[in-house]
Amino acid sequence: MGLIEDDIDESTLGEEFSKPIPNAQLIYRNQQTLSQQQRISQIGENSGGDEVPFVSNGDENNGNNNSGGVVSDMYPIIPPPQLPNMYYPQPVDSIQSSPLTPNVSYQLVSPYQNVNIVFNNTSQKQPLVPLVPPEVEFYPLWTPVLNNNMNSYCIDQIPNPQEYSQYFNSQLVYIYVKPTVMHVDDIFLLQIQQCKGLQYLNLSNCQFKLDLFNKTIQGLKTLRAINLSNCTQITDDSIKILAKSCPLLEEVHLNGCRQLSDDSICFLVEKCQKIRILALSNCIKLTDRSILQICKSLKDVQSLCINKIKSLTEKSLGELKKFTGMKSFFAFNTLLTDTVMSELSIKWRSIEVLNIGKCINITDISLSTVAFHSFALQKLFLQRNRNITKLSIILVSQNCPSLRVLRVDDCYNLTDEAILTLKSCTKLEILNISGLWKISELSVLTLIPLLTELREIYMYRSPRITNATVDAISNSLPNLKVLRVDQSYFPGDQSIISLSKSCLQLHTLNVASLNITDQALISISTHLTALKKLYLNSCKSITDQGLTAICNLPTIECLRLDGGFQFSDQALKGLSRLPNLDTLNLSGLYNLTDSTVELIALQCRHIKNLYLSNCVQVTDGALPSVLLNLYKLRLLRLDGILSITLEPLSKMQFPQVLCLEVFNCSDTNSGYMGLTNLIAQSSIKELYCWSCPKITDSDLKVISEIPNLQIRVLRLDRCKGITDKGLKPLLQKLPNLHTLNISAIPKCSGDTINVIANSCKSIEKLYCHQNTAGDRAFTNLAEECRLLKIVDIGKCHNATDSTVIEFSINLHRLKRVVLSNNENITNASIIKMSVGCPLLKFVVMENCKNVGEIGVLALSTYCKQIQVLKVTNCPLVTDLSIVGIGRECLNLKTLYAGGTQISNSAIIEISVRENINFEELDLHNAKKISNESFTVLANNCISLKYLNLTGTGVSQENIQLFTDNCRLLNDFKK
């Protein structure tokens with residue numbers, strides 16, 4: 001699911017909270033009665049195109065993120081959920097799918113507030129319109145569109161089961177369950193069997209019983225399109241039954257169905273040969289066999305998604321060239337090569353959407369071929385392709401006149417010439433040029449006035465952007481709708497005020513970390529009356545006056561206030577005047593009280609994501625109101641609030657299953673009955689409970705007995721009250737577990753690691769820092785859990801070279817490994833790991849006294865993608881090894897080499913080779929380094945954000961040079 005976000009917590013102690021829990025419940029019931037008809041009409045208006053699912057990057061976080069409580073590498077971070085379009089650098093296509101609720105000839109008003117039913121007399125068969133979906137960058141959207149001639153049933157929440165029989169009949173053509181509905185009940189599935197004429201079924205993100213689903217699907221012979229994305233319980237058997245029963249299928253979405261194998265996909269395409277749209281993103285078990293069978297059985301594929309399936313090779317991908325009518329192809333983060341992409345582009349003359357972002361093997365060669373043959377190309381995604389240079393971008397600009405969307409963010413090698421050539425793309429509507437450190441502001445100032453059709457611009461993490469760029473946008477793009485200049489530091493009040501007066505159609509504005517004041521916010525509230533999303537996190541110069549102005553914008557749906565000014569509780573009460581709020585981040589606001597939280601929950605009923613981390617005055621008293629009033633709530637963060645115990649929830653019975661998917665009560669006093677009762681009545685997929693001293697084995701046992709657990713992310717690190725006895729039965733019930741952190745649990749041993757190996761074979765991220773497990777348990781883990789991408793066995797003193805060698809033999813997907821504080825690990829195993837795990841990006845070997853020059857040289861030879869290397873206090877590490885890293889690992893961003901034997905030559909090599917990309921450097925107590933290398937470092941690595949030179953004797957002159965040149969440097973230890 002991946003809802004990774006920032007923490008939020010604020011509360012005020014008891015004085016202002018005097019209403020007992022029953023009053024909150026009574027208010028909730030009264031409000032439901034009064035606003036019933038209003039909600040019916042609103043859901044009718046909002047039941048439009050499928051929402052873009054949350055997509056996790058998987059390997060690393062982009063942009064700022066608050067870790068959710070993990071402070072150091074000793075307790076590695078399980079990334080907290082990120083908000084869409086917040087710090088997730090992705091432009092969302094401005095052209096969305098057609099609304100799901102059309103203007104109809106007549107409409108039956110359901111007696112239930114959560115149902116919108118549209119009926120029409122005609123029941124004639126309707127075509128899929130359009131056949132090629134309107135895409136976002138990661139995978140196709142659901143295409144069937146309701147129209148005047150289609151009988152439909154669209155629900156926002158599961159209604160009263162007694163009403164199913166009234167609406168479910170053979171005339172029903174379309175059933176769509178919105179993502180806010182996490183569970184569909186047995187009666188719902190059984191009643192679908194009555195819909196013999198059903199053609200379109202969307203159950204994405206829903207949990208249901210497989211046996212009933214299998215029984216239901218057998219009766220839907222006329223089904224033409226089905227969406228089961230993120231239904232993680234789907235198995236091969238279910239897909240085979242679907243294929244046998246629905247031979248007319250034209251569109252199938254199975255994104256995130258991680259249990260599926262080649263057997264089911266091959267069977268599906270053999271039986272359903274009319275499929276034209278097939279989405280398989282993150283079906284990581286698929287191999288070349290599936291693609292070869294797709295090419296053999298299907299005749300007219302127009303849209304194919306294979307994102308994140310890294311087992312696909314040239315053998316199968318090259319065969320896709322037979323689909324000459326391909327319109328959209330999504331291969332984000334795959335091993336697609338230049339050879340294959342060139343062959344495909346020659347045949348796919350009508351391709352309109354191409355996503356080859358983060359494809360590390362793609363270079364200018366294949367992109368140039370795309371440019372020469374894809375004249376119809378409209379959307380091109382190249383993010384984080386660091387082998388792309390100005391040469392191919394120039395050709396794309398010259399040969400793709402229809403280009404409307406372009407992402408080149410984090411393509412580090414692009415220069416001003418590439419940016420200037422984009423002036424030929426006069427139809428561009430969405431442009432992302434974030435994180436391009438080699439471009440100057442002059443090229444951006446030249447380009448913007450020439451692209452008059454631009455509607456969305458993304459320039460976050462662009463340290464050369466100043467007021468001049470924002471002023472150019474204001475003067476040239478009056479129809480701009482989305483702007484991100486966060487973390488660019490230099491734009492200020494003057495330009496933001498000008499922007500608000502000129503770009504009146506702006507609906508999304510991210511100015512996080514900018515030095516703006518209340519004057520900018522007053523101007524925004526006065527002029528941007530259509531603004532929906534506003535990000536003010538880490539804006540420390542705004543005050544209550546600015547917040548009060550923003551609270552006069554009732555259109556606001558997403559608002560971030562964390563990390564900035566400490567607003568008063570009275571000012572925060574003004575947030576209750578924003579009835580359309582969907583996402584609210586109040587993390588770290590110390591003045592927030594229970595009464596304000598209750599008021600917001602009562603007036604802002606549509607909130608889905610609420611961040612209250614470290615809001616120290618919030619107490620248990622606010623929780624009943626939050627959970628009862630916010631009926632769409634999907635994410636709640638309470639971590640860091642010591643007054644939270646969850647005790648008021650221990651006996652609460654909610655009217656229906658809560659939509660809650662992500663819950664964080666870490667570093668609180670949460671315990672037994674409250675937590676387990678909440679989980680039993682929710683749809684929890686991500687549970688964060690680290691450092692909760694009152695959670696014990698008894699709690700875990702009760703949780704393990706809850707039926708249909710769907711937890712995929714679990715953090716229990718530093719919970720001193722749990723042992724193997726509690727962990728084992730719980731983990732046995734979580735076969736789809738994706739991420740687990742059991743670090744620093746004193747009584748967790750190899751027995752738990754063995755249970756993980758036997759029961760959680762799909763796990764990808766495991767943090768077991770400071771565990772007593774030994775080689776035998778880790779060997780079992782490596783043999784059984786071959787999908788692991790991240791492993792932390794730091795301070796596991798019973799692990800030796802044998803463990804690391806087993807990792808190298810079995811874990812070929814490994815990207816991040818932590819081996820710190822282990823003297824049993826030597827160069828021998830590091831060499832093996834370098835050869836067996838070539839995808840490594842993050843390697844931590846701090847305080848590994850027996851790892852040195854030869855081991856690090858092996859990493860530089862075989863692991864070219866390394867971005868982070870930490871070898872602090874490894875006395876055998878010398879200049880030669882770091883020089884090798886500098887020359888071979890050109891994506892290096894972070895180096896910790898304090899307490900090693902390196903000298904000036906290594907630092908100069910790193911400075912010259914990495915320069916623009918380099919962000920963090922720790923050289924404390926590296927005695928052989930002198931001011932000669934510091935001068936070179938200061939002049940070349942201007943993007944440094946963290947620098948530790950304690951104990952190196954750095955001169956005052958060089959300190960000043962770092963301060964003058966490295967404008968992003970916010971943590972300098974000297």
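Position 656 (the sequence shown) corresponds to 656 in full-length UniProt numbering; numbering is contiguous.
For each residue, glycine too, the CB sits at the ideal point set by N, CA and C.
#1: By DSSP, does LYS725 sit in helix, in strand, or in coil?
#2: When burial is assigned at 16 or more other CB atoms within 10 Å of the CB, is LYS540 buried or exposed?
#3: To the nearest angstrom, how far is it from the Cα of VAL954 to the Cα of PRO875?
#4: Since LEU506 and LEU531 should fall inside the 8 Å C-beta cutoff, what is the C-beta to C-beta distance between them, to a whole number of angstroms?
#5: Cα separation between ARG887 and CYS665?
#6: Which two residues bound the contiguous beta strand (DSSP E) that contains VAL713?
#7: Hey, how far is the Cα of LYS310 from the Cα of VAL835?
#8: Thinking C-alpha only, which one of LEU403, ASP724, THR779 is nearest VAL370?
#9: Looking at THR739 and VAL702, is the spacing between their C-beta atoms short of 8 Å?
#10: What number of angstroms, rounded off, separates the C-alpha of GLY898 from the C-alpha of LEU949?
#11: Pick out whichever of ASN552, LEU660, LEU304, ASP699 has its Cα sitting closest to the Cα of THR676.
#12: For PHE329, which of helix, strand or coil comes out of DSSP?
#13: Excluding the 5 residues flanking LEU509 on each side, which residues of the same chain have their C-beta closer than 6 Å to its C-beta?
#14: Quick check on PRO401: buried or exposed, where buried means 16 or more other Cβ atoms within 10 Å of its Cβ?
#15: Thinking just about the alpha-carbon of each residue, which of GLU784, PHE372, ASP410, SER374 is nearest to the one in LEU382?
#16: Have a look at GLN770 and ALA744 and give me their C-alpha separation to the nearest angstrom.
#17: Sort ASP237, ALA773, ILE711 by Cα distance to ASP211 and report the nearest one.
#18: Report the option in SER749, LYS761, LEU787, SER762 whose CA atom is closest to the CA atom of ALA777.
#19: Taking Cβ to Cβ, would you say THR324 is nearer than 8 Å to ILE306?
#20: Between the alpha carbons of ALA520 and CYS551, how many angstroms are there, rounded?
#21: Is it a yes or a no for the stretch 467-484 touching the stretch 960-967, going by three-plus beta-carbon pairs under 8 Å?
#22: Candidates LEU436, SER397, LEU406, GLN398: which alpha carbon is nearest THR415's?
#23: Hey, LEU787 and ILE763: beta-carbon distance below 8 Å or not?
#24: Got a sec, what are the start and stop residues for the beta strand (DSSP E) THR803 sits in?
#25: Buried or exposed for ASN169, please, with buried defined as at least 16 other CB atoms from any protein chain shown within 10 angstroms of its CB.
#26: Note the first and the last residue of the continuous alpha helix (DSSP H) segment covering ASN754.
#27: Taking the CB atoms as reference points, tell me whether SER881 and GLU920 lie closer together than 8 Å.
#28: Distance check for LEU344 and TYR611, CA to CA, integer angstroms please.
#29: Hey, quick one: how far does the beta strand (DSSP E) through THR583 stretch, first residue to last?
#30: So the candidates are VAL843, SER759, ARG813, THR826; which of them puts its Cα closest to the Cα of ASP792?
#31: Please classify ASN62 as buried or exposed, where buried requires at least 16 neighbouring CB atoms within 10 angstroms.
#32: By DSSP, does LYS765 sit in helix, in strand, or in coil?
#33: Hey, could you find the ends of the alpha helix (DSSP H) THR415 is sitting in?
#34: Between which two residues does the beta strand (DSSP E) carrying VAL877 extend?
#35: Can you give the Cα-Cα distance for residue 977 and GLU251, rounded to whole angstroms?
#36: In this structure, does DSSP put LYS720 in helix, strand or coil?
Short version:
#1: Of the three classes helix, strand and coil, the one that applies to LYS725 here is helix, per DSSP.
#2: With fewer than 16 other Cβ atoms within 10 Å, it is exposed.
#3: One C-alpha to the other measures close to 21 Å.
#4: About 6 Å separates the two Cβ atoms, so the contact holds.
#5: C-alpha separation (whole angstroms): 45 Å.
#6: In the DSSP assignment, VAL713 falls within the beta strand (DSSP E) that extends over 713-715.
#7: Distance between the alpha carbons of LYS310 and VAL835: 18 Å.
#8: Looking at LEU403, ASP724, THR779, the one whose alpha-carbon comes closest to that of VAL370 is LEU403.
#9: Not in contact: VAL702 and THR739 (Cβ atoms no closer than 8 Å).
#10: C-alpha of GLY898 to C-alpha of LEU949: approximately 9 Å in a straight line.
#11: With respect to the C-alpha of THR676, the residue from ASN552, LEU660, LEU304, ASP699 having the closest C-alpha is ASP699.
#12: Here DSSP, grouped into helix, strand and coil, assigns PHE329 to strand.
#13: Annotation for LEU509: LEU483, LEU534 place their beta carbon closer than 6 Å to its own, counting only its chain and skipping 5 residues before and after.
#14: The residue in question, PRO401, is exposed, as its Cβ has fewer than 16 Cβ neighbours within 10 Å.
#15: Checked all of GLU784, PHE372, ASP410, SER374; the closest Cα to LEU382 is ASP410.
#16: The straight-line gap from Cα to Cα measures roughly 5 Å.
#17: That would be ASP237, whose Cα lies nearest to the Cα of ASP211.
#18: Minimum Cα distance to ALA777 is reached at SER749.
#19: Contact check for THR324 against ILE306 fails: the beta carbons are separated by 8 Å or more.
#20: Answer to the nearest angstrom: the Cα atoms are 14 Å apart.
#21: Judged by Cβ distances under 8 Å, the stretch 467-484 makes no contact with the stretch 960-967, as fewer than three pairs qualify.
#22: In this structure, LEU436 is the residue among LEU436, SER397, LEU406, GLN398 with its C-alpha nearest to the C-alpha of THR415.
#23: Result yes, Cβ atoms of LEU787 and ILE763 sit closer than 8 Å.
#24: In this chain, THR803 is not harboured by any beta strand (DSSP E); it is covered by the alpha helix (DSSP H) spanning 801-810.
#25: Label assigned to ASN169: exposed.
#26: In the DSSP assignment, ASN754 falls within the alpha helix (DSSP H) that extends over 750-759.
#27: Taking 8 Å as the Cβ cut-off, SER881 and GLU920 do not qualify as a contacting pair.
#28: As the crow flies, the alpha-carbon of TYR611 is around 45 Å from that of LEU344.
#29: Note, THR583: beta strand (DSSP E), 583-585.
#30: Looking from the CA of ASP792, the closest CA among VAL843, SER759, ARG813, THR826 belongs to VAL843.
#31: Its pLDDT being 35, under 50, ASN62 is placed unreliably by the model, and the measurement read from it follows with that caveat. Burial call: buried.
#32: Note: LYS765 maps to strand in three-state DSSP.
#33: Note, THR415: premise wrong, no alpha helix (DSSP H); not H, not E.
#34: No beta strand (DSSP E) holds VAL877; DSSP gives it neither H nor E.
#35: Any property of residue 977 remains undetermined from this structure, which presents the chain solely from 1 to 974.
#36: If DSSP states are grouped into helix, strand and coil, LYS720 belongs with coil.
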